[in-house]
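If you read the sequences in order, they're chains H and E. Quick note: the first sequence uses my numbering, first residue 3, plus one each step. Quick note: the second sequence uses my numbering, first residue 2, plus one each step. Glycine included, C-beta positions come from ideal geometry on N, C-alpha and C. Treat the numbers as computed from the prediction; the structure is a model and nothing was measured.
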Amino acid sequence: MKNDERDEYIPENTLSRRDFLKLTGGGILICVTFGEAALLQEGQRRMGGQGYPEDFNAYLLVHPDGRVTGYTGKIEMGEGIINSLPMELADELDVRLDAVDMVMGDTELCPWDMGTFGSLATRMFGPALRAAAAAARAVLVELASEKLKVPAARLATRDGVVFDRDHPSVKATYGELAAGKKIERHITPKPSPKKASEWTIMGKPVFRRDARAKVTGGALFAGDVRVPGMLYAKILRPPAHGATLKSLDTSAAEKVAGVRIVHDGELVAALHELPDVAAAALGKIKAEYEPSPSTLDDKNIFDHLLKVAPQGQVVAHGGDLEAGKAASAATFDETYLNSYVAHSPIETHTTLVRIEGGKATVWPSSQTPFRLKEEIAPLLGLSAANVRVISPFVGGGFGGKSAGGQSVQAARLAKITGRPVQVAWTRPDEFFNDTFRPAAIVKIKSGIDAAGKIVLWDYAVYYAGDRSAAHFYDIPNHRTVAAGEWGLGGGNSHAHPFAVGPWRGPGSNTNVYARESQIDIMAAKAEMDPLEFRMANLNDERMKRLLRVAADKFGWTAAATPSGRGFGLSCTDYNGTYVVTMAEVGLDKATGAVQPKRIVCAQDMGQCVNPEGAAIQVEGCCMMGLGYALSEEVHFRNGEILDLNFDTYELPRFSRMPRIEAVIVRDDEHPPSGGGEPAITNMGAVMANAVFDASGARLFQLPMTRERIKTALEAAVRT
Amino acid sequence: MNQTIRFTLNGKPVSLAVDGERMLLWILRTELGLIGTKFGCGEGYCGACTVAVDGQAVRSCQTPVKTVAGKTVLTIEGLEKNGRLHPLQEAFMKHDALQCGYCTPGMILTAYTLLRSNPRPRTQDILDALENNLCRCGAHNRIVEAVQEAAAVMQGAGSHEK
Chain H
3 MKNDERDEYI PENTLSRRDF LKLTGGGILI CVTFGEAALL QEGQRRMGGQ
53 GYPEDFNAYL LVHPDGRVTG YTGKIEMGEG IINSLPMELA DELDVRLDAV
103 DMVMGDTELC PWDMGTFGSL ATRMFGPALR AAAAAARAVL VELASEKLKV
153 PAARLATRDG VVFDRDHPSV KATYGELAAG KKIERHITPK PSPKKASEWT
203 IMGKPVFRRD ARAKVTGGAL FAGDVRVPGM LYAKILRPPA HGATLKSLDT
253 SAAEKVAGVR IVHDGELVAA LHELPDVAAA ALGKIKAEYE PSPSTLDDKN
303 IFDHLLKVAP QGQVVAHGGD LEAGKAASAA TFDETYLNSY VAHSPIETHT
353 TLVRIEGGKA TVWPSSQTPF RLKEEIAPLL GLSAANVRVI SPFVGGGFGG
403 KSAGGQSVQA ARLAKITGRP VQVAWTRPDE FFNDTFRPAA IVKIKSGIDA
453 AGKIVLWDYA VYYAGDRSAA HFYDIPNHRT VAAGEWGLGG GNSHAHPFAV
503 GPWRGPGSNT NVYARESQID IMAAKAEMDP LEFRMANLND ERMKRLLRVA
553 ADKFGWTAAA TPSGRGFGLS CTDYNGTYVV TMAEVGLDKA TGAVQPKRIV
603 CAQDMGQCVN PEGAAIQVEG CCMMGLGYAL SEEVHFRNGE ILDLNFDTYE
653 LPRFSRMPRI EAVIVRDDEH PPSGGGEPAI TNMGAVMANA VFDASGARLF
703 QLPMTRERIK TALEAAVRT
Chain E
2 MNQTIRFTLN GKPVSLAVDG ERMLLWILRT ELGLIGTKFG CGEGYCGACT
52 VAVDGQAVRS CQTPVKTVAG KTVLTIEGLE KNGRLHPLQE AFMKHDALQC
102 GYCTPGMILT AYTLLRSNPR PRTQDILDAL ENNLCRCGAH NRIVEAVQEA
152 AAVMQGAGSH EK
């Protein structure tokens with residue numbers, strides 16, 4: 003047994019940022035600053051980060067042995083950038099993929115980063131990394147020109163070697179060129195990455211480099227990091243949001259041998275050298291609470307939200323709505339509801355904090371290591387420079403690990419006890435403290451003329467925000483209004499009875515569900531096939547092409563709905579990534595149970611760095627999205643969260659698994675855009691449209707539980 | 002009350018003086034340092050903590066350690082033999098049957114016990130066996146393909162391309 007004698011598992015990064023920038027090991031260091039990276043800087047400002055005095059968007063190091071290390075503040079939580087980022091680097095630098103190591107999410111070593119979310123890694127960080135790699139290659143060519151006495155213009159690079167095009171035997175390896183050197187270059191380049199036609203590594207399928215560690219149990223997650231002297235903390239959870247502690251009796255808990263009870267303000271914790279003993283001790287604490295003043299529940303929440311909705315902002319408009327009404331042969335006035343949804347990563351929020359010699363080290367499950375460092379430092383009375391966050395693998399995030407309450411708890415407890423402290427939320431803690439996807443409402447008034455042309459679109463979304471709110475159809479008279487957003491309490495601190503935040507494809511899941519349902523409702527009224535109806539109302543050739551690709555793959559044939567076939571369709575543009583999803587479902591009308599049979603999801607994400615990784619993300623989006631479409635809903639009453647584990651909160655399981663075919667369309671015309679989120683945003687609408695096609699029942703609320711489907715079926719029969 | 006509990010863990014004898022009511026999961030992860038077995042829900046709903054006890058899949062978060070006395074426990078760390086991965090591990094890698102990887106050890110151990118009792122599972126058998134193992138990233142199709150391939154490899158049928 004190879005692990006039984008180890009009592010410490012600590013990730014291996016030992017080089018400090020300062021040492022690293024001094025190039026103690028020698029080699030070639032390339033730092034890239036994009037002066038025009040306004041969005042990055044804006045993000046940095048918004049997160050309150052000051053950045054570093056000499057800040058870079060990316061850097062990489064060519065070592066004297068020819069290996070290359072890329073550094074990124076992003077983390078790996080399953081999205082696969084542990085694969086795609088080295089591919090970008092290797093291709094641009096002309097080294098073999100296996101010569102590249104990535105250091106991820108270490109605030110001491112890696113360039114500042116606002117966080118891993120929003121499908122931004124490839125779109126925003128990728129270009130900086132590629133520019134650094136291109137610059138490193140240029141330096142190596144320069145060095146080789148000197149060493150080999152060959153004009154730089156005659157030199158070419160391949161597999162970590164610079165060689166003379168005319169005399170290929172005249173060559174030098176990157177390692178030879180970097181050996182004994184301490185070269186540091188700071189550049190502000192115009193990004194001039196290779197054209198897609200010149201790629202040798204990008205664009206081809208590559209399997210995961212973290213797979214071996216993950217199938218052998220060796221991959222370290224936050225809960226697996228152990229340091230000598232550490233305590234495991236379990237945190238007392240109030241019965242409801244808004245409930246206040248009235249009395250506390252810890253006497254029984256304190257009798258547990260070796261336990262330590264901490265009561266600091268609202269934070270009550272039991273700590274022990276064994277995690278389960280800490281949990282048992284916590285269970286002996288007697289606490290009484292004043293009940294929550296909240297009178298909201300999962301049924302009355304929508305009326306409440308509309309009542310307290312903040313002022314809306316017009317995000318898109320054109321033409322004249324009155325003219326649109328006048329031109330309409332039929333109008334449609336519908337309201338769509340979305341329930342609160344949990345993130346439910348299988349790894350709960352977990353963090354270990356160690357304070358030693360005036361410095362703190364934090365091992366969190368977090369999507370935002372740099373923000374976390376700024377958040378924790380003042381709690382510990384330390385400057386941010388003395389807090390280092392090291393990111394282990396993250397066991398699923400989906401937006402929920404942008405927030406990190408457990409890290410704050412661990413930091414406070416480490417300071418109070420003087421011991422390293424791990425906080426790992428229990429599953430009920432995870433549900434209770436989650437920053438849920440907000441409940442949201444969309445109201446749409448739309449109209450078509452006698453020929454089935456959309457002439458009116460008046461769209462208002464409450465609490466989901468403006469992402470994917472504006473339509474992309476050819477509609478002469480339209481307006482889109484967004485009131486409230488998915489973060490920051492929805493723009494009104496009294497709106498939601500608990501925290502809400504980004505959830506994979508924030509806002510878009512709600513907006514696409516409403517828009518694409520409304521489109522299908524109009525197509526049905528026009529007695530047109532939903533695909534033909536969209537084609538007739540679209541000018542966007544890129545979307546039309548993708549619709550045709552999906553239809554071919556799916557075998558879509560024209561029929562007015564409901565056809566009884568159970569076919570559904572939804573399309574969207576998510577920040578430049580186009581997605582068309584088609585699905586076939588079976589519906590048991592007696593029980594209201596939906597069985598997805600197959601899904602075809604075609605995605606145009608511009609240039610695609612790793613097609614295999616992109617396909618996996620699409621498949622994952624389809625499968626995960628079945629949850630919010632069909633079964634996932636957080637039930638609550640008076641501040642109490644009623645779903646605290648997977649017995650009542652229903653994630654998609656193997657029995658619900660359809661056949662999923664991901665089609666990544668080759669599109670070298672557009673720059674790479676994100677792939678972690680876009681495909682999930684079609685899932686509500688594609689399922690709702692498929693259920694309608696199967697049965698004639700239109701669902702105006704997600705999730706489409708069996709009960710809601712049965713109710714809608716009864717309504718469809720009556721009309 | 003501490004008691005001495007002996008069992009076979011990944012092929013080697015283990016003797017522990019622990020409170021026998023404590024759950025196997027925490028003994029594995031803490032006293033024995035085998036961190037490959039994961040905590041997911043603490044109530045037996047998610048399957049992340051699945052290990053094999055005498056060849057049966059059990060939820061280690063719900064298994065008092067005294068109940069494995071005299072038995073054989075297999076965790077994800079015990080599947081690799083002499084530097085060679087188990088066919089299930091190979092197949093999970095080959096099919097990219099994971100994303101975040103947190104549910105993976107429990108998936109593999111559940112599949113291991115399935116193939117032990119049913120070496121030629123139908124697809125429906127695999128779906129049924131894995132039904133109560135949750136994967137949030139949505140790797141389900143690839144997990145099923147990986148189990149199918151591992152079954153074929155273990156049958157000596159060689160690699161079957163789908």
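Nearest-angstrom Cβ-Cβ length linking residue i and residue j, presumed shorter than 8 Å
i         : j         : result
Lys403(H) : Ser448(H) : That pair is no contact at about 38 Å.
Gly177(H) : Pro66(H)  : 6 Å
Asn541(H) : Thr683(H) : Not quite, the Cβ-Cβ distance comes to about 22 Å (not below 8 Å), so this is no contact.
Glu635(H) : Val343(H) : 7 Å
Val457(H) : Ser330(H) : 6 Å
Ala692(H) : Val587(H) : 4 Å
Thr109(H) : Lys417(H) : No, Thr109(H) and Lys417(H) are not in contact; Cβ-Cβ is about 19 Å, not under 8 Å.
Gln605(H) : Val620(H) : 6 Å
Tyr338(H) : Ala280(H) : Contact doesn't hold; Cβ gap of about 45 Å is too wide.
Chain E contact for residue i (CB, 8 Å cutoff)
i         : result
Leu653(H) : yes
Ala39(H)  : Note that Ala39(H) scores a pLDDT of 46, beneath 50, so its modelled location is shaky; the value from the coordinates is reported in the next line. Closer than 8 Å: no.
Val719(H) : no
Pro277(H) : yes
Arg356(H) : no
Gly45(H)  : Any reading at Gly45(H) must be qualified, since the residue scores a pLDDT of 46, below 50, and its modelled position is unreliable; no value is offered.
Asn647(H) : yes
Met89(H)  : no
Val391(H) : no
Lys216(H) : yes
Cys610(H) : no
Cβ of residue i within 8 Å of any chain H Cβ
i         : result
Thr64(E)  : no
Cys50(E)  : no
Ile6(E)   : no
Met155(E) : no
Thr31(E)  : yes
Asp97(E)  : yes
Ala140(E) : yes
Gln149(E) : no
Per DSSP, the bridge partner or partners of residue i
i         : result
Val355(H) : Val364(H), Val423(H)
Arg700(H) : The partner list for Arg700(H) (beta bridge, DSSP) is empty, contrary to what the question assumes.
Ala60(H)  : Val34(H)
Thr5(E)   : Ala18(E)
His319(H) : Arg481(H)
Arg469(H) : Answer is none; Arg469(H) lacks a bridge partner.
Val164(H) : Thr159(H), Ala174(H)
Phe638(H) : Ile643(H)
Met24(E)  : Pro65(E)
Closer than 8 Å to chain B by CB, residue i
i         : result
Pro230(H) : Among the protein chains in the structure shown, which are H and E, there is no chain B.
Residues near residue i by beta carbon distance below 6 Å, same chain, minus five either side
i         : result
Leu91(H)  : Gly72, Val102, Leu131, Ala135
Leu42(H)  : Because the pLDDT of Leu42(H) is 49, which lies under 50, any placement of that residue in the model is unreliable, and the question is left without a value.
Glu663(H) : Val602
Glu652(H) : Ser633
Ala325(H) : Asn479
Val483(H) : Gly314, Val316, Ala462
Ile357(H) : Ala416
Asp669(H) : Asp606, Gly608
Gly321(H) : Pro478, Asn479
Close beta carbons around residue i, own chain, < 8 Å, minus the five adjacent residues each side
i         : result
Gln57(E)  : Thr114
Phe372(H) : Met49, Gly51, Gly75, Thr109, Trp114, Asp115, Met116, Gly117, Val391
Gly737(H) : Absent from the structure is residue 737(H), since the part of chain H shown begins at 3 and ends at 721.
Ala245(H) : Tyr291, Glu292, Pro293, Ser294, Gly641
In chain order, what are the residue ranges of uninterrupted alpha helix (DSSP H) at least 4 long that sit wholly in the stretch 96 to 150 of chain H? 128 to 150
Go through the stretch 394 to 465 of chain H residue by residue and report every complete run of the beta strand (DSSP E) that reaches 3 residues or more, in order. 423 to 426, 442 to 450, 456 to 464
To test your reading of the DSSP string, which unbroken alpha helix (DSSP H) runs of 4 or more residues are found completely within the stretch 643 to 705 of chain H? 685 to 697
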